[in-house]
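In my numbering, the protein residues as written are -5 to 1097.
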């Protein structure tokens, strides 16, 4: 069997637009060089200009004992067309009219072997979305057959994402999508029609893998660009009764498949009949089939090595003596589309509330807008898992390599229509806990002996119920007050902590905010000091406050500094503020106690006077040197003296070169990139800040750092204290108040006002069988169990990895409890509890159908970005590829039925793993371009450490919205297009955002009326690409676009500065750096090429 020519290799020059300067965008929207040229043809939708015609239906095999059903050739014509594109438009893939949502829990398998007719429900259970045509590789050979066609999918004629089309009465006729027409050969394909969840599922006897049964049918995508048909008349093995395609009778027993995506010929799978050799495994196309010339994503020829990839990616191995086949172009529309998956999930799961009552439910994607009803498990806004079905044994976990990881966002902000966690006060006795493991009372605790005792769900220890907490049980064993107590019926809630939970057995004082302002020459010249002082006058009215409190309990203090530090007494009894200078920075102390930290309302007049005087006082300074270590020490000493926790807001502009503790030197060296010493660029250059961070955490002193550098400032070292205290870093390179003021002030406003807890400790408890072994995020750990945070705000997440330490039980599942002890902004000590119960499985298929790729990628990114501290980026990239390949190879080996090695089969829930993983591998941390600064890489590495799943999702695969298709009368955004240059129409306007950057790209053929409506100029050439804000015009298009920008900015934790990019303008290369499906200038592979590279890695593992 010739399997030659399956793989894409890397490095072949690709066609692209000429004449662009190689530039790149810094992470704070600054200009840099080194952005990828455009690479590939359209990834979505049929070839433009290609006429889509109906396909003649092939012969159908009758069901024994039933009359054959024929399909009228007009079936295709019944499919509605939703979007008609104008000239220059690009289609974004075929519609998926109906796609079943993921079943929220893993069900028990029930034996059964009844053969159902085509009109009856399927005798197996759906676990995953049915597969759409956009998920299938279109046939590009005449007279070939599509395998794994969903019976309920619309014809590819239906473009866009309209409402669900009505289901065809019988088998769907598929029009051609590729350059050649084909006819449907005889086949028997299991239906993807959503079925009743209560139906039994049949085991698959003789299956070599430990999978007892399967769910969703496969889709076959050939990496050769060709779908291979089965030979007609071969016998199926007598294994299991499958579901026939509606209108097409079953022809013998065969297993429904687990939810997977398959790429290539598949004997032994529905739609490809096993047995005798089938036509289609030969890699030589039949003559006169009309193949388009190979350009990108080719699979046959050997190519030059891919930069920065290991040697095996240089070309496809020759598995036979036959010569290489003719080149064929893989249709990118048929490889898994992130946009398709996102839109399907929105349509399937966005309309119904997500109830957390059932164990092990996979929630909707982070890109779906949905409402959560807490009914016993924590909301996915607080806790998300990479898999909601954990392997029962460590051997099984090692076999599949799927990390058991959870992303926890303890103080996440909830939408207005969702209830915030209730506060439970048990008085002086404090929260009810297990005697042995100290787990807190939760819905999983089992009350016994009439309610007098409870058995812990985590360690099985039995604990006496205190008299005041006793309640009788009903006939089901539930307490009579079950629904009255949040800790018994909800997944998330808070306890008021007693004095036993406080430091030194003493209730804490309200926290304090200290504003520490760099008044060196650079900070004043850029306009920073004047802008900041003006803003603070009003910003201090918005300090965090408790509930309906009239004013905030937080006190404030002020320090300015350059080579020395200036403290200010702003006591309310003073007529003018008093300044005290500390010039001995080697031995830092706070020169005053009374009057430094004050109540804003009491001292408002003195504070305003100070803020007016600071820019004048230092207006003539020529001091360029600054200190940094002593600034943090000063804030720390002030909080110690006041015996409270708090936060330092440090506004800093230069590398601290002045003689003082924590003095740094300029160590920036681009020559270290891609060498073994590159890791030193991410490491702090001195241990001083590491020790300082430990002191800050012990006191509850969090540091938020606002950087305004004009050159290298060593973010890796300066940011260390911020990183370990749970703080945030903001960076504004080449800051100018007029251009960057809006972004800085918005960030500052949000940072000061957001919900925050101080002096926090978090512990994660698990039921017997697994334990938390590794933690990722911005925090400090002095032992192996407690995550210590000087402060934790509503944007920060902690990612936790679990490992087995014993066997798990399918019946009892696995329980996780996250407990966060913190001080609220009013000084109240509280415990926030989040509980989650997961299923456990003995079959790998159950695990793979309950995974969440977005959470998996979040974990992989944090794992990789931490690994660069001790390993070369090349080693880290190879490790990521290897683990991902092992995950997919294990699925192929154990969950998919036997099929050709020339096939890439992906689990339905992980079909986007290759595209997202490639985005991570191409990121500036792991594969930097020549012009990405060392500081930018350290800055992004810090940001990613505490990002939640929705933030990493959009950061690595940016959202691209076609502005010219927006509905000016509706509230919805236009459907996004895939993140590739070939998706951009010359006649369109597109908005791209990734959480840090915001672009509006304007095509040169955009209609003048649209340009006039948005930019208030007559033509494309008159658009000012230097504008930072859109003009406020009184027309529907202007209002809608400005509204979209405002909504997008509100969704992200950081304010995104708007950049206008005109097609073929010098700024365009900045924009192209974020088109992640294309090949990048720093050597990163395109999505198509990387998918083939992954296929090759999987094949090597399997062989």
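Note that the Cβ used here is the ideal one computed from N, Cα and C, for glycine as well. Computed from a predicted structure; not experimentally measured.
Query, Result
"Let's see if you can read the secondary structure: which residues bound the beta strand (DSSP E) around residue 449?", "447 to 449"
"Identify whether residue 1085 lies in helix, strand or coil by the three-state DSSP scheme.", "helix"
"Determine the burial state of residue 250: buried for a count of at least 16 other Cβ atoms within 10 Å of its Cβ, exposed for fewer.", "Residue confidence for residue 250 is low, a pLDDT of 37 falling below 50, so the modelled location carries little weight; the figure read from the coordinates is stated next. Flag for residue 250 reads buried."
"Just the Cα atoms here: how many angstroms apart are residue 952 and residue 1080?", "15 Å"
"Are three or more beta carbon pairs between the segment 616 to 626 and the segment 482 to 489 nearer than 8 Å?", "no"
"Compare the C-alpha of residue 1099 against each of 427, 366, 459 and 390 and name the closest.", "Residue 1099 lies beyond the range of the chain shown here (-5 to 1097); nothing can be said about it."
"So what's residue 731 in DSSP terms, helix, strand or just coil?", "helix"
"For residue 1078, which residues of its own chain have a beta-carbon under 6 Å away from its beta-carbon, when the five flanking residues on both sides are left out?", "916 and 921"
"If the criterion is Cβ atoms closer than 8 Å, does the pair residue 737 and residue 1049 meet it?", "yes"
"Who does residue 495 pair with in a DSSP beta bridge?", "In DSSP, residue 495 forms no bridge with anything."
"Take residue 970 and list the residues in its own chain whose beta-carbon comes closer than 6 Å to its own, dropping the five residues that flank it on each side.", "333, 953, 954 and 955"
"For my contact list, residue 766 and residue 758 are in at a C-beta cut-off of 8 Å; report their separation, rounded to the angstrom.", "4 Å"
"Go ahead and label residue 803 buried or exposed: buried means 16 or more other beta carbons lie within 10 angstroms of its beta carbon, across all protein chains shown.", "exposed"
"Using the C-alpha atoms, what's the distance from residue 517 back to residue 982?", "41 Å"
"Mind checking whether residue 597 and residue 641 have CB atoms under 8 Å apart?", "no"
"What are the complete alpha helix (DSSP H) segments, minimum 4 residues, inside the segment 635 to 698?", "682 to 693"
"Taking its Cβ as the centre, do 16 or more other Cβ atoms sit within 10 Å of residue 327, making it buried, or is it exposed?", "buried"
"Per DSSP, residue 998 forms a beta bridge with which residues?", "None; residue 998 has no bridge partner."
"In the DSSP assignment, the alpha helix (DSSP H) including residue 852 goes from what residue to what residue?", "847 to 861"
"Report the CB separation of residue 938 from residue 856 in whole angstroms; it is logged as a contact under 8 Å.", "7 Å"
"CA-CA distance, residue 563 and residue 406?", "36 Å"
"Taking only three categories from DSSP, how would you classify residue 603?", "helix"
"Just to confirm, are residue 350 and residue 325 a CB contact at a threshold of 8 Å?", "no"
"Per DSSP, what kind of secondary structure is residue 1080 in: helix, strand or coil?", "coil"
"Could you give the DSSP three-state label for residue 64: helix, strand or coil?", "Residue confidence is low: residue 64 scores 36 on pLDDT, short of 50, so the model does not pin down where it sits. Its coordinate-derived value is still stated next. If DSSP states are grouped into helix, strand and coil, residue 64 belongs with coil."
"By how many angstroms is the C-alpha of residue 399 removed from the C-alpha of residue 345?", "28 Å"
"Under 8 Å, do residue 985 and residue 957 count as touching if we go by C-beta distance?", "yes"
"Cα separation between residue 703 and residue 439?", "54 Å"
"Evaluate the contact criterion for the segment 829 to 838 versus the segment 781 to 793: three or more CB pairs, one atom per stretch, below 8 Å.", "no"
"Does the distance from the CB of residue 381 to the CB of residue 947 come in under 8 Å?", "no"
"Taking the straight line between their C-alpha atoms, what separation do you get for residue 1072 and residue 973?", "8 Å"
"Rounded to whole angstroms, what is the Cα-Cα separation between residue 604 and residue 538?", "22 Å"
"Can you tell me whether DSSP reads residue 1094 as helix, strand or coil?", "helix"
"According to DSSP, which residues form a beta bridge with residue 787?", "750"
"Helix or strand or just coil, what does DSSP make of residue 1011?", "coil"
"Going by the DSSP bridge assignment, what does residue 824 pair with across the sheet?", "490 and 816"
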